[in-house]
Each structure stands twice: as C-alpha cells, then as structure tokens.
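Let me begin by presenting the structure, written as structure tokens, before commenting on it.
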Amino acid sequence: MNPAKGSTMAKLEPADWRGSAGDRWASNVDHFETMLTEIGAALLAHAGFSPGETVVEIGCGGGRLTREIAGRVAPDGTVTGVDISPTLVALATDRAAADDIGNISFTAIDAQTGMPGQAPFDRLVSRFGVMFFADPAAAMANLRAMLKPGGRLDFAVWAPIAGNPWAATMMQAAREPLGLVPPEPRAPGPFAFSEEDYLRGLLEGAGFSSVSITPWTGSVKIGGPGATAEEVAELSMMTGSIAEPLKDASAELRAMVHRSLTELLRPYVGPSGAVLPASVHLVTASA
Ligand SMILES: C[S@@+](CC[C@H](N)C(=O)[O-])C[C@H]1O[C@@H](n2cnc3c(N)ncnc32)[C@H](O)[C@@H]1O
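For the sequence shown, position 63 matches number 68 in this note's numbering, and the numbering has no gaps at all.
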C-alpha cells in the first residue's frame with residue numbers, strides 16, 4: 006500500500022512530557038496505570054522495599070506506584086515522586102492527599118539535571134520513566150548522585166519492540182498511512198534502553214556497579230472487559246505514541262489507521278478486552 010494521497014514523511018518525535026504528552030497521560034491516567042499494573046507488581050516484587058527506606062521514584066506520572074511504595078516503607082520511610090510534568094505532579098499530589106498518605110511528596114523537576122531536595126536517598130525506582138532523556142549519560146550520572154553510596158537503583162524499561170505487540174501494532178498500522186519514520190535506535194522514547202549491552206554500558210559509565218538485567222514477560226491489558234477490537238484501536242490511537250502524529254491527520258487517514266490497527270489487534274481481544282504480550286527488562290544496579 007502506498008502512503009495515502011496528501012501524506013508526508015513524518016518523524017516520530019520524542020514525546021513532550023513537560024507539555025502535551027504529560028497532559029495526555031494525566032487525562033488517561035487510569036487507563037495507563039491499569040495497563041501497567043502487572044509490570045508495576047513485578048517491579049515492586051523485584052525491588053523488595055523495606056520499612057524505613059528513603060526512596061525516589063523517577064518519572065512517577067500519576068503516582069500510583071509511588072503510593073504503593075509509601076505503604077511498603079511506612080511508617081518511618083518516605084517516598085519522593087519526581088516528574089518533569091507539572092500537570093502530573095499536581096495530579097499525583099492531589100491523589101496522595103485524597104488517600105491521606107503522610108510519607109509521600111512530589112516534585113516537578115527534570116531528572117536529567119535536577120536534584121530533589123531530600124537527596125541522597127537509599128533507593129531509586131522507576132517504571133518506564135527513564136527512557137526519555139536527551140542526554141542519557143548525563144542523566145544516569147545525575148541519578149547516581151541522587152543515591153547514597155551503595156544505594157540501590159531498580160527500574161523497568163521496555164525490551165525490544167518485537168516482544169511488545171502493543172507498540173509494534175501501532176507502528177505497523179500508522180507507518181504507511183502517515184508515512185511515519187520509526188525513531189532511530191536508542192533515541193529518547195519507549196525503546197531507548199531496549200538494547201541490553203548499551204544500557205549496561207551507560208550504567209557502568211555513570212559509575213553504577215553490580216548491574217543486572219532480568220527479563221520479564223507478561224502482558225498489558227487495554228480496554229477492559231467487553232472492549233471490542235475497534236474500541237481498543239480507537240483508545241490506542243487516542244493515547245499511544247501515534248496520538249501526536251495523528252492529531253493533524255485527515256479523517257481519511259485516521260480511518261485507514263483505525264481499520265488496519267483493528268485487524269492487527271483482533272487476535273489479542275477476548276472477554277477481558279485486549280491482552281497483549283509484554284517484554285520488559287527489570288534493571289538493578291548499585292551506586
Ligand atoms: C511512560 S510515563 C510512566 C509514568 C509512571 N511511571 C507510570 O508507570 O505510571 C513516563 C513518565 O516519565 C516522565 N518523564 C519523562 N522525562 C522525564 C524527565 N526528564 N524527568 C522526570 N520525569 C520525566 C513523564 O512525564 C511521565 O510521567
């Protein structure tokens with residue numbers, strides 16, 4: 006199929022988390038947090054927090070994981086959620102206040118360069134919040150500086166896209182109609198740290214030691230019980246990485262992407278909505 010009439014080659018730009026991407030995550034926060042529940046549970050089990058620890062969570066988004074960590078380190082430990090999006094920090098703060106959680110705080114800073122006031126911490130954790138740095142080497146050095154000597158880093162990042170059809174189907178459906186050029190390998194984005202040797206080198210280059218990368222496979226759920234393939238495709242187009250390039254697309258192009266994505270997703274849709282395989286690296290290192 007040739008790109009539709011009127012389409013131009015479009016680069017998939019890095020998400021603007023300080024602006025539109027952060028706002029989109031906030032508007033769909035329950036959808037995203039439900040989608041990532043299984044991976045959050047795996048990360049927390051892998052990290053194994055103990056009461057009394059001081060923790061910083063990088064790219065905390067709406068703060069659901071942050072609230073779970075607050076419970077695990079209570080009563081004497083604390084958790085600080087860091088995010089570059091002021092919208093998400095405000096949302097996370099409101100949600101924690103509504104739950105009356107005392108040992109939690111949130112701060113709006115760029116984790117590549119900023120330092121939360123309470124540093125250094127015992128632990129640093131992140132679920133998909135560390136793959137968006139423009140200068141990953143500088144960012145990793147800054148993350149290490151947030152930790153006490155010997156402090157522990159744990160994060161989850163996506164393994165290569167081939168094991169993640171929730172993303173591969175979107176790229177496949179949008180590539181031709183939008184003339185979308187896939188991002189360069191290692192470019193800021195969901196798959197920036199999917200190459201294990203590159204990731205290990207970055208962490209060791211920043212002074213981390215005892216780096217381990219553990220594969221985790223499971224699933225992500227999209228749409229919830231009863232959702233049809235058509236609804237899951239629509240939801241993915243509204244919320245996923247192709248939402249931004251689709252914003253200015255014509256109705257004709259949107260319909261093409263929707264048709265194609267619906268058929269690609271159909272094999273994954275059952276009574277629980279779409280359940281798609283997910284492949285993740287659970288990464289641990291010592292500062
Ligand atoms: C994919 S979302 C994950 C959100 C949350 N960790 C979760 O799993 O629900 C990525 C998050 O990282 C944040 N982020 C991206 N770049 C950042 C940076 N340089 N410093 C701090 N946060 C950043 C985004 O604003 C967003 O909240």
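All C-beta atoms in this analysis are idealised placements derived from N, C-alpha and C, irrespective of residue type, glycine included.
Sixteen is the threshold: when 16 or more other Cβ atoms of the shown chains lie within 10 Å of the Cβ of T92, as they do, the residue is buried.
With 16 or more neighbouring CB atoms inside 10 Å of its own CB, D127 falls in the buried class. For A47, the closest of M145, V135, K16 and V225 by C-alpha to C-alpha distance is V225. Going by C-alpha positions, D253 is about 9 Å away from R259. For I218, the shortest separation between its Cβ and any heavy atom of ligand 1 does not lie below 7 Å. For G64, the shortest separation between its Cβ and any heavy atom of ligand 1 lies below 7 Å. L158 has its alpha-carbon roughly 14 Å from the corresponding atom of T85.
In the structure shown, the three-state DSSP call for L148 is helix.
The closest heavy atom of ligand 1 lies 7 Å or more from the beta carbon of Q123.
Boundaries of the beta strand (DSSP E) around I109: I109 to A113. Between R132 and S90, the beta carbon gap of about 15 Å keeps them out of contact (Cβ cut-off 8 Å).
In the three-state reduction of the DSSP assignment, V135 falls in the coil class, being assigned neither a helical nor a strand state. Assignment of S284 by DSSP, reduced to helix, strand and coil, places it in the strand class.
Around the CB of D88, 16 or more other CB atoms lie within 10 Å, so the residue is classed as buried. At least 8 Å separates the beta-carbon of L129 from that of A31.
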